[in-house]
Every structure is written in C-alpha cells, then in structure tokens.
Amino acid sequence: MSEPIDDLIDKLAAESGRVRRLASPMTRAAIWLLAVGTLSALAVFSFADLPLFISRMGDAKLQLEVAGIFLTGIAAIVAAFHLSLPDRSSGWALLPLPPLALWIGSSGYSCWRQWIQYGPEGWSLGESADCFRMILGVSIPLAAALLLALAKAKPLNSVPVAAVGGLGVAAIAALLLQFFHPFDVTFMDLGIHVVAVGLVIFGSAASSRFIRQPDPQASRG
Amino acid sequence: MAAAQDGSQADYALLLREIVPLIRAVAAHHHRTPDRIDDVVQDVLLTLHRIRHTYDPARPFVPWLAAVARRRSIDALRRQFRTNAMEIRDDTSYETFTDPLANREREGREAADALAAALAALPRGQREALELVKLREMSLIEASAVSGQSVGGLKVNVHRAIKALRAKLKGR
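Residue numbers (my numbering), protein chains in the order written: chain A, 11 to 231; chain B, 204 to 375.
Okay, structure coming up:
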C-alpha cells in the first residue's frame, strides 16, 4: 500500500467516531410525505371548495386522473429516496412511469373530450396562467425541502435523484391544483401543465449540485 | 463497517486497509496509470468516510462498497475526459520548480539573452575591450595589437563596460 493511502487511512480512522445511521429510504420517504400531506390537508380543508371537488370526483375520468397524479407523486418521492443511496438499483427511476402514463393519458383523454364537446374552444387557454403559477409556487418550496432531506444521503449521482424528486413535488403540486382548480382542462392547459412540470424537474436537476458529493480536489482542500 | 459506525476506530482502520485492494481493482478497470489509480483509491476512501452513515448493516457490505468505488472511478474518468477535451497541455510553458537549482537551465538561457542585449548596447570601444580581454581571454598586449587601443585605454574601457553591465543587469 502506498504511503499517502496509509497516512490517509490513519487520518480518517483517527477522526472517525460514532455516526447516526440513516433510516431506511422507505421510512424517510414516509416521514417526508406525511409531513407534506399534513400541511397540504390543512391548506385544502382551510381554503378549497371541498363540496365542489367531491361532486366532480363522481366522474370516473377525474378519479383516474387524480389517482395517476397521486401515485406519481408517491412513487417519485419513494424512488428519489432510494436513488440517493449508492447501492440501490437505478431501476427505481422507472417506478413513477406507469402512474405518470395514467396521469398523462387520463388528462389527454379529458382534453380530447373537451375538444369534441366544445370544438375550437377546446384548444383555448383556460385558467392556465393561474395553474402555471400554482404548480411553480407550490413546487419550489417543496423541492427545496425535498433536496434538503435527500442531501442527508450525500448522493453520488445527484442529477437523477433530484430530477425524479422534482417530478414528485410537481405531481404533489398538480394534485393540490385539483382542489383549487375545479375546471376541465383544454389541450393548451395540459401543455402549460406539462411545461410547468418540466420546468420543476429541470430546475430541481439543475439544483442537484447543492446535494452532490464534492470533487476530490475540493474535498482535499 | 457496523462496528466502525458504532465508533470503533481500530475496526475502521482495519476495514479501510482491507478494502483497498478491492477499490484498486475497480479503479484499474477505468484507469491505467498507477498515479491515477492511487488518486481514485484516495477519493473513494474519502467518499466512503463521508457517507459511512448511509450503510445499512442489514444489507451486504461489498455491493455497497463496489457501487461507491465504481461511481467515483467513473466520475474521475469523466473529469479526465473533460480536462483533456478543454485544455491544451504545454509542459514547459510555465514550468518552474521549488528547488532553485532545478530552474537553472531555463533561467540560464534567459540570462544569456539579457547579457547579449546589454553587450550590444555598449559603446563600440568598451564592447571590443570586454570581448577581447574577458571573453576571448587575450592578454592586454594581444588585445591592444588586435584592436589598436592602448593598454591603458583597454583597462579603462573594460572597467567602464563591466560597470555599465552591472548597472544594466542589476536586480535580475
């Protein structure tokens, strides 16, 4: 063994002490989701028009859409916590894809139905600007809180971790939107939603530098 | 590793020494030179130290370690590609060493250029006297015969030339 490596091992051993083990990714994801779920429930019960939402939920199409959004959020957050650990399969990144397909498919069907029903008006811009603002406004603080939680694992490959996490928080924001946005979406609305979710994923991935491992030169000072 | 997480420094040092060959084997898949492999081994040890709290003792240790080593080794390879793609190397352009003697060859060349320039700037009589007496090492009588200057004139010119060169090259 070369001398610098031997010296480094002595130094690391000398400065090592008892460390607090990180809880399992499922536990960490559950705690994070529970905290966010509690805050979201408070906001919904305080400000949303629940009777209107409940009456709209009678539509099977909307039930599928909400289920898709809800499951995308849960799956993406769970996947992000798993991906943050070095020995977990990168296949976890695929977990949110089936519910995401359900979300996009059911929203697309809804837009198509609008188009058939209202003709060219089905392409008009509905309440898109508000939706856009709400998705970004809710996602940004949630993404910051999620990156903070993920940073505890000091992920080695932080970009996919942050990107999948970004999808998770964007889905949570879109789910909350359903309570405050009691309208059927047009194709234009759906496009704006997709852009907003894409921006959240991109922004989160771009912020991944804050949680990644430092380069060797930086770490050796 | 579980013992190391619980604070046993001796177990931790033993573990780190035992895993070095495995890390070296992973690094050797991606890197060729021993120096670079050593760099990767050190980086993996540092990384492992920083994230040792993420290891779950209920899971096998070797796949965890191999994943960390592979990831950091590939990162080092990417950094190397990036550096090679963005930078042009010129090993001699800014080369200097902490040992002054090691810089003698390069600085000697520079000093010779400066001396030649200072010599060229001297008046003709002084330059001729200095060249004949000091550089060609002629006697004053021989130099006097070649240049046509008197012995006394040669002495004065050599003295003035050396004084002028000292003033010009002072501080180098």
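Glycine included, every Cβ here is placed at the ideal spot set by N, Cα and C.
Fair warning: this is a prediction, and the values are worked out from it, not measured in the lab.
Would you mind telling me which residues of chain A sit closer than 7 Å to B:P266, beta carbon to beta carbon, in chain order?
D97
Let me confirm a value: A:I79 is counted as buried when at least 16 other C-beta atoms fall within 10 Å, else exposed. Which label applies?
buried
Keeping to the same chain, check which residues put their C-beta closer than 8 Å to that of A:A53; ignore five residues upstream and five downstream.
Same-chain partners within the cutoff: L186.
Who are the near neighbours of B:I277 in its chain, counting only those whose CB is closer than 7 Å to its CB and skipping five residues on each side?
H233
Can you give the Cα-Cα distance for A:R230 and A:S56, rounded to whole angstroms?
Annotation note: pLDDT 48 at A:R230 (below 50); position unreliable, coordinate value reported separately. Cα to Cα, A:R230 sits roughly 51 Å from A:S56.
How is B:T236 classed by DSSP in three states: helix, strand or coil?
coil
Does the count of Cβ pairs from the region 169-181 of chain A and the region 97-108 of chain A closer than 8 Å reach three?
yes
Interface partners of B:A207 on chain A, CB under 9 Å:
A23, S26 and V29
Compare the C-beta of B:R239 with all C-beta atoms of chain A and state if any pair is closer than 8 Å.
no
Cut-off 6 Å between Cβ atoms - residues of its own chain near A:S94, not counting five sequence neighbours on either side
L160, A163, P165 and V171
Is A:M36 near the ligand ATP, judged by its Cβ being under 7 Å from some heavy atom?
In the structure shown, the ligand ATP is absent, as is every other ligand, since no ligand is present at all.
Let me see if you follow: with CB-CB separation under 8 Å, is B:L280 close to chain A or not?
no
Flag B:M204 as yes if its beta-carbon sits less than 8 Å from any beta-carbon of chain A, otherwise no.
no
Can you tell me whether DSSP reads B:M204 as helix, strand or coil?
Coil at B:M204, not helix or strand.
Would A:I15 pass as an interface residue toward chain B - the criterion being a Cβ-Cβ separation below 8 Å?
yes
Would you list, in chain order, the members of the region 242-264 of chain B that have their beta-carbon closer than 8 Å to a beta-carbon of chain A?
D242, V244, Q245, D246, L248, L249, T250, H252, R253, I254, R255, H256, T257, Y258, D259, P260 and R262
Quick check on this structure: which residue in B:R255, B:S211 and B:A269 has the alpha carbon closest to the alpha carbon of B:I226?
B:A269
Whole-angstrom distance between A:L49 and A:I145, CA atom to CA atom
16 Å
Taking only the alpha-carbon atoms, compute the straight-line gap between B:R220 and B:A231 and give it to the nearest angstrom.
17 Å
Excluding the 5 residues flanking A:T82 on each side, which residues of the same chain have their C-beta closer than 6 Å to its C-beta?
P106, P109, L110, W113 and A181
Starting from B:L219, find everything on chain A with Cβ-Cβ shorter than 8 Å and list it in chain order.
I19, L22 and A23
DSSP state of A:A216 mapped onto helix, strand, coil
Here A:A216 sits in helix by DSSP.
Cβ neighbours of A:V207 in the same chain (closer than 6 Å, five flanking residues each side left out):
A180
Since I believe B:L368 is in contact with B:A321 (beta carbons under 8 Å), could you give me their beta-carbon distance rounded to a whole number of angstroms?
5 Å
Where B:H362 and B:I291 are concerned, what is the direct C-alpha to C-alpha distance, given to the nearest angstrom?
49 Å
If you pair each beta-carbon of the region 328-341 of chain B with each one of the region 350-360 of chain B, do three or more pairs fall below 8 Å?
yes
Check the Cβ-Cβ distances between B:N360 and every residue of chain A, and say whether any is below 8 Å.
no
State yes or no: is the beta carbon of A:G176 nearer than 8 Å to at least one beta carbon in chain B?
Among the CB atoms of chain B, none fall inside 8 Å of the CB of A:G176.
Backbone CA spacing between B:V259 and B:A216 [nearest angstrom]
What sits at residue 259 of chain B in the sequence shown is Asp, not Val. If you draw a straight line from the Cα of B:D259 to the Cα of B:A216, it comes to about 19 Å.
Across the region 33-42 of chain A and the region 84-91 of chain A, are there enough close Cβ pairs to call them in contact, namely three or more that are closer than 8 Å?
yes
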